[in-house]
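Asker: Have a look at the structure that comes next, please.
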Amino acid sequence: MTTRSPLRVERDGAVTILTLDRPEVLNAFNEALTEALNAAIADCAADAAIRAVVITGSGRAFSAGQDLDDRLAMIEKGGDLRLGDELRRRYHPVIATIRTMRKPVIAAVNGVAAGAGLGLAVACDVRVAAASASFRAAWARVGLVPDAGSAFFLPRLVGWGRALDMVLTGDPVSADDALRYGLATRLWP
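One point on numbering: in our numbering, the residue at position 147 of the sequence shown is 1290, and numbering is uninterrupted.
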């Protein structure tokens, strides 16, 4: 039996499109997806023929963030879950490569970008939001703190006060508000 990849990689001329492809869980990050994304981003950075990278999600979401069931399964199997180590191993390489890549990385946000999904979006150079997009700093609602680069990038995009409000309330920010706040750089219908 063949397992479907959690990440689709497509080329359109000099543009590579990376599609998070776990629509049944709103493209939540599990081990396989973060590994595939790390490898694909590194390949894009190294390939001189690629001039731009677009990251998007399949189905009705960009990404709902970390798949908490994935982490719970690890704990139930007796695994040692050290969140700081997990962040450094799984998310930091993606964020660091995006930020140091010498080509633009565009987040095409369709539907929700929450938690680590928000972190991925705000690490990108440009965030284009569909009318259906929403941005949610949902960590407080599950007892966590901003991760995946969000604590660094979010205040720089929207200002300290608005970032703090987003993080403390976890309220969704619509595409229109995201554009007004500077979180989205443009909207598409």
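Virtual Cβ for every residue (Gly too), placed ideally from N, Cα, C.
Just reading off the alpha helix (DSSP H) that residue 1243 is part of, what are its end residues?
Answerer: Start and end: 1235–1243.
Asker: Which residues bound the beta strand (DSSP E) around residue 1265?
Answerer: Residue 1265 -> not in any beta strand (DSSP E); alpha helix (DSSP H) instead, spanning 1259–1266.
Asker: Could you give the DSSP three-state label for residue 1276: helix, strand or coil?
Answerer: Coil, per DSSP.
Asker: On the CB-based measure, 16 or more other CB atoms within 10 Å of its CB, does residue 1332 come out buried or exposed?
Answerer: With fewer than 16 Cβ atoms within 10 Å of its Cβ, residue 1332 is classed as exposed.
Asker: Compare the C-alpha of residue 1149 against each of 1271, 1158, 1181, 1257 and name the closest.
Answerer: The shortest C-alpha separation from residue 1149 is found at 1181.
Asker: Determine the extent of the alpha helix (DSSP H) in which residue 1206 is found, giving its start and end residues.
Answerer: Taken as a continuous stretch (DSSP letters only), residue 1206 belongs to no alpha helix (DSSP H), being part of the beta strand (DSSP E) at 1204–1206.
Asker: Identify, in the order they occur along the chain, each residue of the same chain with its Cβ nearer than 8 Å to the Cβ of residue 1275, setting aside the five sequence neighbours on each side.
Answerer: Excluding sequence neighbours, residue 1275 sits near 1203, 1253, 1254, 1318.
Asker: Helix, strand or coil: how does DSSP classify residue 1249 here?
Answerer: Strand.
Asker: In terms of DSSP beta bridges, what is residue 1159 paired with?
Answerer: BP columns for residue 1159 point to 1154, 1196.
Asker: Anyone know if the C-beta pair for residue 1163 and residue 1206 falls short of 7 Å?
Answerer: Cβ distance < 7 Å, so residue 1163 and residue 1206 count as in contact.
Asker: Taking the DSSP output, what are the residues bridged to residue 1317?
Answerer: 1277.
Asker: Identify the continuous alpha helix (DSSP H) that holds residue 1305 and give its terminal residues.
Answerer: Looking at the DSSP string, the run of the alpha helix (DSSP H) that includes residue 1305 is 1303–1312.
Asker: Are three or more beta carbon pairs between the region 1264–1273 and the region 1181–1190 nearer than 8 Å?
Answerer: Segments in contact, no.
Asker: Provide the residue(s) that pair with residue 1168 in DSSP beta bridges, ordered along the chain.
Answerer: Partner(s): none; residue 1168 has no beta bridge.
Asker: Alpha helix (DSSP H) containing residue 1176: first to last residue?
Answerer: Residues 1174–1189.
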